[in-house]
Ligand code: NAP
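In our numbering, the protein residues as written are 1 to 239.
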């Protein structure tokens, strides 16, 4: 008998994270939709549950050490397993025209805190459960704006945070593949493209359904699938 997989999605009360939650639940997973604002998370989870999907919500502010610790305790007590972690929560808080010379270091710090360091924090909270089960799929929502192969000016804090997230992805993948346990744990980064959300704005070319697709594909990779890669539209892209 196959067990129902448990998926955790961060920043899932709106945007791409909400759509990833919906698509994972449609695949039969039990989805823990997490949100830093409990009330907004509850509204989002209830809307999906009303469609017959197995989605519940849990408060999780990825930048708050106490919130992540409480979330970890909840997972250990109530779920005992996490098969999928989608690190989706992200911020873009500078203007497009910001230059590196003008960049407020507090903006850089805050952006790195959410987009890079918090990903590491949440991943560390979940990894022990994946190691125990010998299975895990970790998906990091990165961006083409973090690609060194195509690095340009504009929104420098966001770009730096996503480049660093890509490094986190590769280092963790290398560490996991070197572990002797033989656990089937994969970690990949992906770019959803330019998506119509609060972050992407109304002029973006892609729907949330399109933006979520590659993350869901990576979250459901078979054992022989890739780890340590960077993808858009289910295809590898340069770092
Ligand atoms: P969005 O509409 O702005 O939604 C961002 C989500 O992240 C919200 O749910 C927000 O929660 C949450 N969040 C922010 N800080 C958080 C924190 N400290 N703890 C928990 N949740 C937090 O963004 P999106 O467009 O869906 O983007 C999702 C991901 O895709 C991001 O990582 C983004 O960088 C990446 N991405 C997006 C695009 C695009 O075109 N949209 C392109 C490339 C990459 P609140 O509602 O509480 O603020």
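Heads up, the beta-carbon is just placed ideally off N, CA and C, and yes, glycines get one too.
Segment limits, beta strand (DSSP E) that includes residue i
i           : result
residue 34  : 30-35
residue 136 : 135-141
residue 87  : 84-87
residue 59  : 55-59
residue 234 : Element bounds for residue 234: n/a, residue is neither H nor E.
Closest Cα partner of residue i within the set the options
i           : options               : result
residue 224 : 177, 203 and 204      : 177
residue 102 : 135, 156, 118 and 137 : 156
residue 75  : 205, 59 and 89        : 59
residue 14  : 228, 33 and 141       : 33
residue 228 : 207, 202, 173 and 158 : 173
residue 210 : 52, 12, 11 and 16     : 16
residue 67  : 47, 45 and 38         : 38
Inter-residue spacing [alpha-carbon to alpha-carbon] between residue i and residue j
i           : j           : result
residue 50  : residue 167 : 39 Å
residue 20  : residue 216 : 6 Å
residue 195 : residue 154 : 18 Å
residue 261 : residue 162 : The question about residue 261 has no answer, for the chain in this structure spans 1 to 239.
residue 1   : residue 28  : Model confidence at residue 1 stands at a pLDDT of 48, short of 50, so the residue's coordinates are unreliable; what they give is reported in the following sentence. Straight-line Cα distance between these residues: approximately 14 Å.
residue 230 : residue 77  : 33 Å
residue 149 : residue 238 : 6 Å
Alpha helix (DSSP H) segment containing residue i, residue limits
i           : result
residue 40  : 38-49
residue 213 : 208-219
residue 166 : 156-178
Any non-hydrogen atom of the ligand NAP closer than 7 Å to residue i Cβ
i           : result
residue 118 : yes
residue 11  : yes
residue 88  : yes
residue 122 : no
residue 279 : No answer is possible for residue 279: the residues shown for the chain start at 1 and end at 239.
residue 55  : no
residue 17  : yes
residue 36  : yes
residue 155 : no
Short CB-CB distance (under 8 Å) between residue i and chain B
i          : result
residue 66 : Chain labels in this structure do not include chain B; a single protein chain is all it has.
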